[in-house]
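Here the numbering used here is used: the first residue of the sequence shown is 27, the next is one more, and so on. Glycine included, every Cβ here is placed at the ideal spot set by N, Cα and C. Notes to accompany the following structure.
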Amino acid sequence: MSFRAHLESVVNQVDGALACSVMGFDGISVETYQKDDAAELELGGAWVEYANLLTQLKNAAEVLKTGVVTELSVNSDKVLTLIRMVSPEYFLILALRAEGNYGKGRYVLRVTAPKVRAEL
Numbered sequence: 027m028s029f030r031a032h033l034e035s036v037v038n039q040v041d042g043a044l045a046c047s048v049m050g051f052d053g054i055s056v057e058t059y060q061k062d063d064a065a066e067l068e069l070g071g072a073w074v075e076y077a078n079l080l081t082q083l084k085n086a087a088e089v090l091k092t093g094v095v096t097e098l099s100v101n102s103d104k105v106l107t108l109i110r111m112v113s114p115e116y117f118l119i120l121a122l123r124a125e126g127n128y129g130k131g132r133y134v135l136r137v138t139a140p141k142v143r144a145e146l
């Protein structure tokens, strides 16, 4: 299965999902699937900033010896963003409408991450 197929599957399984991407910590997207109705949002720019934030959180967790960061969510008025680690270099990121199914999004990312890791 291709990255795009995995990402499209994630978006189609989660109510309110707008887009999903496999990204590296350099902020570059490996592959992205985005619904047409998400075109008005500047998700790419936000996701680059979230990649920087995730890098800082990983470093802080290492210094504080709290363990490896596996998941992060950033919730704003319009968009819920879920991030799930795939490997030390890559992560999945999912954007949902504010009223989207947050729990299902977390679950689907958790079960999809190993599949994407196998493709890397």
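- Taking the CA atoms as reference points, residue 110 sits about 17 Å from residue 92.
- The beta-carbon distance between residue 59 and residue 45, rounded to whole angstroms, is 7 Å. This is short enough to meet the 8 Å contact definition.
- Nearest C-alpha to residue 102 among 67, 33, 62: 67.
- For residue 127 against residue 62, the beta-carbon gap comes to about 20 Å, at or over 8 Å, which does not count as contact.
- In the structure shown, residue 45 adopts extended strand secondary structure according to DSSP, grouped into three states.
- Per the Cβ contact rule, the segment 49-57 is not in contact with the segment 122-138 (fewer than 3 Cβ pairs under 8 Å).
- If you look at residue 121, you'll find it isn't in any alpha helix (DSSP H); it sits in the beta strand (DSSP E) that goes 116-123.
- Linking residue 36 to residue 117 through their CA atoms gives a straight-line distance of about 14 Å.
- In the displayed model, residue 108 falls within a strand according to three-state DSSP.
- For a cut-off of 8 Å, the C-beta gap from residue 115 to residue 71 is around 21 Å, too long to register as a contact.
- Residue environment: residue 129 is assigned as exposed (fewer than 16 neighbouring CB atoms within 10 Å of its CB, all protein chains considered).
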